[in-house]
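Protein chains: 2
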Amino acid sequence: MNPQRRPLGPDATIGILGGGQLGRMLVLAAARLGFRCHVLCPDSHSPAFDVVRSVTEADYLDMAALDRFAADVDVVTYEFENVPAETATFLSARKPVLPDPKVLAITQDRFTEKEFVTGLGIGTAKFARVDSAGGLVAALAIVGKPAVLKTRRFGYDGKGQIMIRDGADPTMFDELGGQAQILEAFVPFEREISVVAARGRDGAIESFDVIENEHKDHILKTSRVPANVSPAVAAEARRIAEEIAKAFDYVGVLAVEMFVVKDGAGHAVLVNEIAPRVHNSGHWTIDGASVSQFEQHIRAVAGLPLGKPIRRGRIEMTNLIGDDVKDMPKWLATPGAAVHLYGKSAVRPGRKMGHVTQVFAE
Amino acid sequence: MNPQRRPLGPDATIGILGGGQLGRMLVLAAARLGFRCHVLCPDSHSPAFDVVRSVTEADYLDMAALDRFAADVDVVTYEFENVPAETATFLSARKPVLPDPKVLAITQDRFTEKEFVTGLGIGTAKFARVDSAGGLVAALAIVGKPAVLKTRRFGYDGKGQIMIRDGADPTMFDELGGQAQILEAFVPFEREISVVAARGRDGAIESFDVIENEHKDHILKTSRVPANVSPAVAAEARRIAEEIAKAFDYVGVLAVEMFVVKDGAGHAVLVNEIAPRVHNSGHWTIDGASVSQFEQHIRAVAGLPLGKPIRRGRIEMTNLIGDDVKDMPKWLATPGAAVHLYGKSAVRPGRKMGHVTQVFAE
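The listed protein sequences correspond, in order, to chains D and F.
Heads up: the first sequence begins at 218 in this note's numbering, then just goes up one per residue.
Heads up: the second sequence begins at 218 in this note's numbering, then just goes up one per residue.
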């Protein structure tokens with residue numbers, strides 16, 4: 218019997234790669250449903266380690282540790298998209314890995330990701346690959362100005378990117394480490410939105426309402442739901458996320474970040490990034506919806522039916538970044554505010570310490 | 218500095234005595250707020266052990282284990298009222314124990330509990346102590362018939378009690394083990410209700426809306442909120458719970474189970490039982506209120522301000538008892554139903570396996 222086709226029983230253990238706050242919240246959601254988790258992470262101070270009994274503190278490429286980890290779990294999932302391909306391949310040979318590692322291969326590389334998206338007929342910013350310092354000029358001719366030069370792999374929160382306003386300077390390529398890069402047209406967006414969608418093993422899809430995101434210093438600061446967009450834009454955004462999930466034959470939760478741009482009398486929706494995992498912009502679902510993104514992900518990888526998310530009102534989710542955590546007393550005293558801290562003791566600028574969700578009557 | 222007067226910091230560890238589903242849900246609530254927990258329980262299969270990294274599997278009277286446990290935690294709380302007095306005393310000498318162990322001494326004994334309640338001028342069923350087989354007849358003369366003979370200590374879910382309808386039979390005393398007993402008048406109640414109230418270290422009190430409870434075979438089956446009682450009865454029920462919390466100088470969450478009885482044209486509210494802990498009838502607060510009973514308890518023992526509970530709608534909470542857990546697929550597919558399983562692998566009749574909360578528009 219194919220273990221992927223049988224729902225996990227109450228004795229099952231879900232293996233999670235990565236022990237940050239996303240892993241932590243996945244563990245908490247799994248616990249609600251009665252599942253045990255086993256978290257593998259190289260960092261001994263992983264927030265997820267505090268809420269789980271089975272822990273493997275090991276590098277993602279420590280094959281002996283991965284072997285023991287695989288033996289202890291019934292299914293493997295992950296909280297971050299930069300799981301090394303070798304890790305995913307090694308684990309796949311032992312236990313089901315969901316979402317399928319082929320999704321990682323595509324989404325770990327900004328260029329292959331954008332090719333995948335445009336291949337589905339879905340719009341993105343203009344883009345071109347940049348493989349050398351000299352190639353930057355040619356790419357700029359295709360993409361136009363202003364544009365953003367980014368490493369193809371391992372960039373996040375604005376790291377690994379350079380804005381090009383005036384002209385290309387060949388040293389920019391070296392500034393980003395001389396690795397494979399992508400040049401993307403800068404999008405004069407009206408607003409940034411995201412859709413968090415879940416897809417079950419049976420192919421059923423449930424996407425949450427469209428989220429509007431506000432970034433500060435390239436880090437998500439506030440998410441509001443519903444996004445202030447027309448019904449047509451909202452429908453298009455959900456259609457895009459669901460089409461991507463289908464094209465991946467995805468199992469679990471994924472988030473698609475999009476730009477809304479003016480397009481004549483109407484608007485166009487362009488995909489910015491795909492996150493093959495639960496996503497910061499979906500944290501509001503813990504308190505603001507009848508089923509959270511974390512529980513949907515656990516339901517999906519466990520082979521259980523997805524929940525039907527019912528939104529509880531108008532939502533505002535605020536990240537507590539670095540010193541924002543000092544506002545805890547204010548938030549704890551705010552009626553209706555749901556306060557979440559991730560158990561991180563060291564406060565650092567730009568570090569996500571927790572978040573607060575407020576639900577207002579609509 | 219008195220550690221009880223300082224809120225716990227983000228590095229703090231909360232010690233929990235007892236590893237059942239209540240301990241498990243306390244751990245999950247503490248985790249939301251960034252706190253670590255350490256659970257002590259003699260049972261290696263404790264549901265709470267799966268969601269916490271620090272575990273002590275030891276008897277409550279294993280003083281060496283208690284000593285190590287106390288050294289690892291910043292505050293001690295408990296999920297059940299039958300914590301042995303020696304345990305509470307031993308731990309109190311090392312770390313703050315909240316709620317204060319004097320509350321345990323009173324609530325572990327049905328007779329002292331009822332004397333405490335009536336001493337506050339709050340009504341209960343008529344009751345009398347029974348210290349011998351012969352004393353039963355005298356007690357019955359005071360209390361009247363029908364009546365219920367109960368052990369003073371360690372009874373729960375209908376265990377350790379005998380209904381007396383017709384006449385007293387001296388063998389009944391021996392049937393309950395010959396230990397100290399209490400005879401209580403049977404209350405022809407119109408409905409059973411409970412109030413779950415939280416009291417902070419600062420003395421602030423927040424009680425949840427009045428809950429109406431339906432039992433089956435002496436085990437809670439369904440809780441509905443709000444209870445179908447008049448505003449006057451609801452106010453009286455909350456007043457009673459809050460007065461008891463104040464009289465105990467209580468810190469944490471407590472539940473008061475009450476009977477509503479016809480009293481002429483109106484109704485009287487009689488206290489049945491006090492649970493100095495989070496309570497099954499308050500499980501709906503996880504999904505049905507802006508702050509749960511578990512988080513309120515953690516906030517209180519951590520010295521944080523209590524939340525202001527906002528109810529999200531009309532609530533129905535259903536316990537999954539024994540084979541009820543087979544209804545899981547139905548509940549998982551019910552829109553808006555929040556399903557909780559406690560991670561218990563062995564299904565036994567009468568065993569609480571999980572619960573489901575449904576929130577309906579009011």
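C-beta atoms are modelled at their ideal positions from N, C-alpha and C, and glycine is treated no differently.
Per-residue burial, Arg-223 (chain D) [other beta carbons within 10 Å of its own, 16 or more giving buried]: Reading the first sequence from its first residue, position 6 is the one you call residue 223 (chain D). Answer is exposed; the Cβ neighbour count stays below 16.
Neighbouring residues, chain D, relative to Gly-420 (chain F) (Cβ below 9 Å): Residue mapping note: residue 420 (chain F) aligns to position 203 of the second sequence, counting from 1. Result: empty, since nearest Cβ-Cβ is about 15 Å, beyond 9 Å.
Local Cβ density within 10 Å of Val-354 (chain D), reported as buried at 16 or more and exposed below that: Reading the first sequence from its first residue, position 137 is the one you call residue 354 (chain D). Val-354 (chain D) comes out exposed.
Of the residues F:Val-478, F:Gln-398, F:Thr-341, the one placed nearest Ala-350 (chain F), counting alpha carbons only: Indexing the second sequence from 1 puts residue 350 (chain F) at position 133. Comparing Cα-Cα distances from Ala-350 (chain F) to each of F:Val-478, F:Gln-398, F:Thr-341, the minimum goes to F:Gln-398.
Validate contact between the segment 531-545 of chain F and the segment 555-562 of chain D using beta carbons, cut 8 Å, 3 pairs: Contact between the segment 531-545 of chain F and the segment 555-562 of chain D is absent, with fewer than three C-beta pairs closer than 8 Å.
Closest by C-alpha distance to Gly-340 (chain F), when choosing among F:Gly-361, F:Ala-454, F:Ile-381: For the purposes of this step, residue 340 (chain F) is identified with residue 123 of the second sequence, where counting begins at 1. Nearest option by C-alpha distance: F:Ala-454.
Within-7 Å CB hit, Phe-266 (chain F) to chain D: In the second sequence, residue 266 (chain F) corresponds to position 49, counting from 1. True, the Cβ-Cβ gap to chain D drops below 7 Å.
Cβ of Ile-527 (chain D) within 7 Å of any chain F Cβ: The sequence position of residue 527 (chain D) within the first sequence is 310, counting from 1. With its beta carbon less than 7 Å from one in chain F, Ile-527 (chain D) belongs to the interface.
Ordered list of alpha helix (DSSP H) runs contained in the segment 371-419 of chain F, each at least 4 residues: 388-392
Inter-residue spacing [alpha-carbon to alpha-carbon] between Ala-342 (chain F) and Ile-491 (chain F): Counting from 1 along the second sequence, the entry for residue 342 (chain F) is found at position 125. Counting from 1 along the second sequence, the entry for residue 491 (chain F) is found at position 274. Here the alpha carbons of Ile-491 (chain F) and Ala-342 (chain F) stand approximately 14 Å from one another.
Residues that Tyr-559 (chain F) contacts on chain D, provided the C-beta gap is smaller than 7 Å: Counted from its first residue, the second sequence places residue 559 (chain F) at position 342. Within chain D, the residues near Tyr-559 (chain F) are Gly-251.
Chain-ordered chain D contacts of Gly-571 (chain F) [CB-CB under 7 Å]: Counting from one through the second sequence, the residue named residue 571 (chain F) turns up at place 354. Gly-251, listed in chain order.
C-beta neighbour in chain F for Leu-243 (chain D), strict 7 Å: Along the first sequence, one-based indexing puts residue 243 (chain D) at 26. Closer than 7 Å: no.
For Thr-581 (chain F), three-class secondary structure by DSSP: What is shown of chain F runs 218 to 579, which leaves residue 581 (chain F) out entirely.
Proximal residues of chain D, C-beta to C-beta of Gly-539 (chain F) below 8 Å: As a working note, residue 539 (chain F) is residue 322 in the second sequence. Neighbours of Gly-539 (chain F) on chain D: none; closest Cβ ~14 Å, over 8 Å.
Asp-419 (chain D) versus D:Val-272, D:Val-293, D:Lys-463, residue with shortest Cα-Cα distance: For the purposes of this step, residue 419 (chain D) is taken as residue 202 along the first sequence, with counting starting at 1. When each option's Cα is compared against that of Asp-419 (chain D), the closest is D:Lys-463.
Cut-off 7 Å between Cβ atoms - residues of its own chain near Val-501 (chain F), not counting five sequence neighbours on either side: One-based indexing of the second sequence puts residue 501 (chain F) at position 284. Per the sequence shown, residue 501 (chain F) should be read as Trp rather than Val. Around Trp-501 (chain F): Ser-440, Val-442, Ile-532, Met-534, Thr-574.
Nearest neighbour of Thr-230 (chain F), chosen from F:Ala-265, F:Arg-253, F:Phe-328 [CA to CA]: Indexing the second sequence from 1 puts residue 230 (chain F) at position 13. Checked all of F:Ala-265, F:Arg-253, F:Phe-328; the closest Cα to Thr-230 (chain F) is F:Arg-253.
Paired residues, beta bridge with Asp-480 (chain F) - DSSP: Translated into the one-based positions of the second sequence, residue 480 (chain F) becomes position 263. Asp-480 (chain F) is bridged to F:Gly-483.
Nearest-angstrom beta carbon gap, Ala-364 (chain D) and Phe-403 (chain D) [assumed within contact, 8 Å]: As a working mapping, residue 403 (chain D) is identified with position 186 in the first sequence. As a working mapping, residue 364 (chain D) is identified with position 147 in the first sequence. Here Phe-403 (chain D) really is in contact with Ala-364 (chain D); their C-beta atoms are around 6 Å apart, less than 8 Å.
C-beta contact flag for Asn-536 (chain F) and Leu-400 (chain F) at 7 Å: Walking along the second sequence from the start, residue 536 (chain F) turns up at place 319. Walking along the second sequence from the start, residue 400 (chain F) turns up at place 183. Going by C-beta atoms, Asn-536 (chain F) is not nearer than 7 Å to Leu-400 (chain F).
Opposing strand residues paired with Leu-437 (chain F) [DSSP bridges]: Within the second sequence, residue 437 (chain F) is the residue found at index 220, counting from 1. The partner list for Leu-437 (chain F) (beta bridge, DSSP) reads F:His-432.
Cβ contact check for the segment 422-436 of chain F and the segment 386-397 of chain F: 3 or more pairs under 8 Å: no
Among F:Ala-305, F:Asn-299, F:Asp-504, F:Glu-298, nearest to Asp-284 (chain F) - alpha-carbon criterion: Numbered from 1 along the second sequence, position 67 holds the residue referred to as residue 284 (chain F). It is F:Ala-305.
Where Asn-445 (chain F) falls, given that 16 or more other Cβ within 10 Å makes a residue buried: Against the second sequence, residue 445 (chain F) aligns to sequence position 228. Exposed, by the Cβ-count rule.
Alpha carbon of Pro-603 (chain D) to alpha carbon of Arg-249 (chain D), nearest angstrom: Only positions 218 to 579 of chain D appear in the structure, and residue 603 (chain D) is not among them; the question remains open.
Within chain F, partners of Gly-553 (chain D) - CB distance below 8 Å: For this step, residue 553 (chain D) is matched to residue 336 along the first sequence. Those are Ser-507, Lys-525, Ile-527, listed as they occur along chain F.
CB of Val-473 (chain F) within 7 Å of CB of Val-412 (chain F), strictly: Taking the second sequence and counting its residues from 1, the one referred to as residue 473 (chain F) is at position 256. Taking the second sequence and counting its residues from 1, the one referred to as residue 412 (chain F) is at position 195. Yes, the pair counts as a contact, with Cβ atoms nearer than the cut-off.
Residue(s) in a DSSP beta bridge with Gln-513 (chain F): As a working note, residue 513 (chain F) is residue 296 in the second sequence. Bridge partners of Gln-513 (chain F): none, in fact.
Chain F contact for Ala-229 (chain D) (CB, 7 Å cutoff): Against the first sequence, residue 229 (chain D) aligns to sequence position 12. Not closer than 7 Å to any Cβ of chain F, the Cβ of Ala-229 (chain D) fails to qualify, so no.
Three-state secondary structure (DSSP) of Lys-463 (chain D): Within the first sequence, numbered from 1, the residue matching residue 463 (chain D) stands at position 246. Looking at Lys-463 (chain D) - three-state DSSP - the assignment turns out to be helix.
C-beta contact flag for Val-300 (chain D) and Leu-234 (chain D) at 7 Å: Working through the first sequence from its first residue, we reach residue 300 (chain D) at position 83. Working through the first sequence from its first residue, we reach residue 234 (chain D) at position 17. In contact: Val-300 (chain D) and Leu-234 (chain D) (Cβ atoms closer than 7 Å).
Identity of the residue in D:Ala-506, D:Ile-527, D:Ala-550 nearest Lys-525 (chain F) by Cα: Numbered from its first residue, the second sequence carries residue 525 (chain F) at position 308. Comparing Cα-Cα distances from Lys-525 (chain F) to each of D:Ala-506, D:Ile-527, D:Ala-550, the minimum goes to D:Ala-550.
Proximity test, Cβ basis, 7 Å: Ser-562 (chain F) and chain D: By one-based count along the second sequence, residue 562 (chain F) stands at place 345. Taking Cβ atoms only, chain D reaches closer than 7 Å to Ser-562 (chain F), which makes this a yes.
Three-state class that DSSP yields for Arg-346 (chain F) in the structure shown: As a first step, residue 346 (chain F) must be located in the second sequence, where it is residue number 129. Arg-346 (chain F): strand per DSSP, three-state reduction.
Reference Val-488 (chain D), options D:Arg-456, D:Gly-505, D:Phe-511, closest by Cα: Here residue 488 (chain D) refers to the residue found at position 271 of the first sequence. Closest by C-alpha distance to Val-488 (chain D), out of D:Arg-456, D:Gly-505, D:Phe-511, is D:Arg-456.
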